[in-house]
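Trainee:
Protein chains in written order, with this note's numbering: chain R, 1 to 335; chain X, 1001 to 1804.
(1) Can you find a CB in chain R that lies within less than 8 angstroms of the CB of residue 1483 of chain X?
(2) Assign residue 114 of chain R to one of three DSSP states: helix, strand, or coil.
(3) Run the CB neighbour count on residue 1322 of chain X, radius 10 Å, all protein chains shown included, and call it buried at 16 or more, exposed below.
(4) How would you label residue 1712 of chain X, buried or exposed, when you count the other beta carbons within 10 angstroms and need 16 or more for buried?
(5) If you check the beta carbons only, do residue 1047 of chain X and residue 1144 of chain X fall under 8 angstroms apart?
(6) Using 8 angstroms as the threshold, is the region 163-179 of chain R in touch with the region 257-277 of chain R, meaning 3 or more CB pairs across them?
(7) Check each residue of the region 1500-1529 of chain X: if its Cβ is closer than 9 angstroms to any Cβ of chain R, include it; give the result in chain order.
(8) Contact defined as beta carbons within less than 8 angstroms: I believe residue 1380 of chain X pairs with residue 1220 of chain X. What is the distance between those atoms, to the nearest angstrom?
(9) Chain R partners of residue 1461 of chain X, CB-CB under 8 angstroms?
(10) Check whether the region 1688-1699 of chain X and the region 1588-1599 of chain X touch, using three or more Cβ-Cβ pairs below 8 angstroms as the test.
(11) Give the straight-line distance between the Cα atoms of residue 1565 of chain X and residue 1653 of chain X, rounded to the nearest whole angstrom.
(12) My guess is that residue 1581 of chain X and residue 1551 of chain X are in contact by the Cβ rule of under 8 angstroms, so how many angstroms apart are they, rounded?
(13) For a cutoff of 8 angstroms on Cβ pairs, would you count residue 1346 of chain X as touching chain R?
(14) Looking at chain X, is there any beta carbon in it that lies within less than 8 angstroms of the beta carbon of residue 306 of chain R?
(15) How about residue 303 of chain R: is its C-beta nearer than 8 angstroms to some C-beta of chain X?
(16) For residue 156 of chain R, decide whether its Cβ has a neighbour in chain X, counting only Cβ atoms nearer than 8 angstroms.
(17) Am I right that residue 1588 of chain X and residue 162 of chain R are in contact with their C-beta atoms under 8 angstroms? What's the rounded C-beta distance?
(18) If you draw a straight line from the alpha carbon of residue 1286 of chain X to that of residue 1098 of chain X, how long is it in whole angstroms?
(19) Is there a Cβ from chain X that is less than 8 angstroms from the Cβ of residue 333 of chain R?
(20) State whether the region 1764-1776 of chain X contacts the region 1705-1719 of chain X, with contact taken as three or more CB pairs (one from each stretch) at a distance under 8 angstroms.
(21) Rounded to whole angstroms, what is the Cα-Cα separation between residue 93 of chain R and residue 1609 of chain X?
(22) Exposed or buried, what is residue 1481 of chain X when buried is set at 16 or more other beta-carbons lying within 10 Å of its beta-carbon?
(23) Kindly list the residues whose CB is nearer than 6 angstroms to the CB of residue 1062 of chain X, restricted to its own chain and excluding five residues on each side of it in sequence; keep chain order.
(24) Using the Cβ count rule (16 or more neighbours within 10 Å means buried), how would you classify residue 1188 of chain X?
(25) Is it right to say residue 1485 of chain X is buried, meaning 16 or more other beta carbons lie within 10 angstroms of its own, or is it exposed?
(26) Which residues in chain X have a C-beta closer than 9 angstroms to the C-beta of residue 328 of chain R? List them in chain order.
(27) Would you list, in sequence order, the uninterrupted beta strand (DSSP E) runs of no fewer than 3 residues that lie entirely inside the region 1178-1241 of chain X?
(28) Check for me: the alpha helix (DSSP H) holding residue 341 of chain R runs from which residue to which?
(29) Run down chain B in chain order and give the residues with a C-beta less than 8 angstroms from the C-beta of residue 1467 of chain X.
(30) Figure out for me which residue from R:272, R:250 and R:253 has the closest Cα to the Cα of residue 260 of chain R.
(31) With a threshold of 16 other CB atoms inside 10 Å of the CB of residue 84 of chain R, please say whether the residue is buried or exposed.
(32) Among the candidates R:191, R:136, R:159 and R:95, whose CA atom is the shortest distance from the CA of residue 307 of chain R?
(33) Taking residue 1055 of chain X as part of the beta strand (DSSP E), name the residues at either end of that continuous run.
(34) Given residue 1453 of chain X, which residues of its chain have a CB within under 7 angstroms of its CB, disregarding the five upstream and five downstream residues?
(35) Return helix, strand or coil for residue 251 of chain R, following the three-state DSSP convention.
(36) When DSSP builds the beta bridges, which residues end up paired with residue 302 of chain R?
Given below as structure tokens:
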């Protein structure tokens, strides 16, 4: 019995060794280890042996099965390594089949970044119509008809009482009309002014911000905006608050940030001043609160407006704001 | 507002360097936009030495000078009587721009070339002497700039004033701010009290018929005047801030306006009928010729200054030609009035005429400053114009202006600013700008702002002043404490972000076009006259024709973008845009704003590459994008049907599908109409889609629900039928699904074929049906039975046959 199995083994190993191809090796594998193969048959027949011989024969047969399996594997590997298939290769330098995604407009990308920062600070997002009544765009914001402050923005008119909104500030009023304080909201969107040159386009984008509640202070406005600029640019970008005037805020401030190009040394981008004007802000004027029915003895708040094009130009080093709306594919693809 | 440093120094001591002054003013809220040297115009004027003088061959009064200008000597033709050899004089070289605006060039003077000009004091605006060239003393080197040889230095600050700071529309106003910054006192020009003698009443009178528009009108009379050129110091002051000197009388009124912010007007008293002034509103349709010789049509809201018979000035805006100061003028009536800002602004707007005077009146001048300015001007006229001041002034003041104190709560100030400011701190800030501050109670100050601060009306204005002078940057930066409660994110925004992410994932590039388009776009898109896209909202004052109406479709913008890119040789484009369109409800009402998403694909399916031949994109490419978008939005019942021809004006009939979801049309997808391509000057085919986001929003609110995965294997059977070419292939699948066979899990269309051996007018459609049971592994014979039954029903439904 032992002899027989040893002979089978020897014969099988010889056949394996001389196999010339994967196919002939497979045939040999079937011949010995297949469902009806010689070794398999042998294993099956063990049950017919006298009980005292069975353990030994079983052990032996399994050992031989393992030897053969190993030999098959080694030979298969050897045959594969000798085959042409093993020497085939791809040109890894060729570009892959195109699966390039498109890209978001740089304005969209920066708007999202800005909104994300404020959302993380707890602001909600609101939107309002792009075409506004004179009331929301001006009067409710403490800019009566014939007020000289109307000259601060070149307005596109649709009729005497309808304008293309000149800023996102009307959303402040619309939000406060609907919600009771506390309010913390930002409002991104398109705005329009009748102005067209290298630094002005008749349409551009702003993000309005508004936080109203008890004890909201000018110091808080500084805190929120400083945090924003640090996240948008970096911690080294310091801010400067300058007194200014907006009819709907008091005190009002223009906010300059340290020039991102020259770090305050003076360069072309900042007109040698070392500072770049990035946004306007201030404490909400009590007249605006009165217009929306808020109690000015109890609450205070701040508002700000950020020019998205300006931030985008600084972030990406873009020099001409008109490029944003020419949509040159070669430009868009860079972002 | 321009102001020169030397002028400021007349009223306040300035020890700071000019750049430091500029930044200090900026930080106090008066933004200095530029600092320029007022002697910049002398850039090309150098010290010259006359080496040799010889007669001009063709002109008796002219001489030829060889002048050493530092380099090789040049020839200058000169007619000045005082030139002698070896004197040093200012030599203007070609390119010099004189204060009067003329530009010096090398020129031929009577047959001789002159390469420069020897100048007098007057020509360079360095003095009054125009009798001959200015002879320079000392020993400056030839060729050095005249400004350094004479140590000329003065700076002009251009200040961008915010509309609230009308008090700073004067040199004194700015000097006041500088004094406050430096904690110094300002030196006002000597205030001279007018004569108590009431002589003036004997010569003239002022009657105010419209006190609401003219609360105050003061006048003085100067006689025996000599109108002439102003002296050098006065011309210099005006030139330094960009004003053109005219004559001594007009220059004095301008000087005083610039000095203290009160606009003045000088009338030739002899030209005033009945020698009196009447202030009234204009008659309807009345006309009037202003100083600039233009005829103005007036309306009854406009305030006019009149004499006994006729208007002589548009109040606060511009004087009339009929009472202008001329060289012959002997008697001058000076007007110093306070007009209602709103009235002046309306008049200025209606006439389209803005002047230095109207600019100040409409922003609000000092209501108590009229007489001071009047007397200052009158006295200057006596000095400079040799005039005699008639005793006293007229001061018609029917609406007396009272200074109103404002209560300022100290702890409220601290709360608003976020810093504890003590009483003394606030007090010293406000007092430094001439506010009168008294203690009211423990926590309150009673503050009376000076009359020139017309912008200060409530306590918050005072808080701003305190903060401004304390320094915004000295207020600590803190974080707010506020409720953390939040709301649902804006659904429109969520959808928009999702759409943008999906489309960029599908390799589309986002574009942003202007919201305005050309009105002719409607014709270019072949829109019918009753198309809703013709409900255009017009911009009354567009920048140009191309941006004159609000868009009613995103397509024109995308087509313009395509054209611009083609012109840059970029011919493969996949673009999309989201944004509002505006459907007019009439110019007097807010339009309907509808958010849309549109896409455009033109050029090749793939950019040319080693693995793909250049193949133009087609309808199915763009349709695939729309299908991908819709399914990614979790909408799975979209329907694409043939677009009726009357609805696809800008797309090609037979190549356009209407997209509907649950029976609601949401947009279209199709090939652009060839005529539209021509109209937009586009030389290649393009495919577009356009979907309504507002409608999509209603359809995307379905919650996602997980389904159990199947336990048993599927089995497939294919079927190919020959049907009429006109039958839409997808109707086969719809039919199959309509049979309601429970074991059919899915159907896929995998081949469409036309041509031999399929008979003409027919096509073969091949469908794979996937059968699966949720309960067991299906047996072949069971599936075969169902499949044969289905095949027969299908053949019957479409009058189809099986392939031969």
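Note that the Cβ used here is the ideal one computed from N, Cα and C, for glycine as well. These numbers were taken from a predicted model, which means no experiment stands behind them.
Mentor: Taking the definition as stated:
(1) yes
(2) helix
(3) buried
(4) exposed
(5) yes
(6) no
(7) 1500, 1501, 1503, 1504, 1505, 1506, 1507, 1508, 1509, 1510, 1511, 1512, 1513, 1514, 1515 and 1516
(8) Incorrect: roughly 11 angstroms between the Cβ atoms, too far for contact.
(9) 250
(10) yes
(11) 26 angstroms
(12) 6 angstroms
(13) yes
(14) no
(15) no
(16) yes
(17) 7 angstroms
(18) 42 angstroms
(19) yes
(20) yes
(21) 14 angstroms
(22) exposed
(23) 1056, 1077 and 1079
(24) exposed
(25) exposed
(26) 1561, 1564, 1565, 1568 and 1570
(27) 1206-1208 and 1216-1223
(28) Lying outside 1 to 335, the shown extent of chain R, residue 341 of chain R is not represented and no answer is given.
(29) Protein chains R and X are contained in the structure displayed, whereas chain B is not.
(30) R:272
(31) exposed
(32) R:191
(33) 1045-1056
(34) 1167
(35) strand
(36) R:211 and R:283
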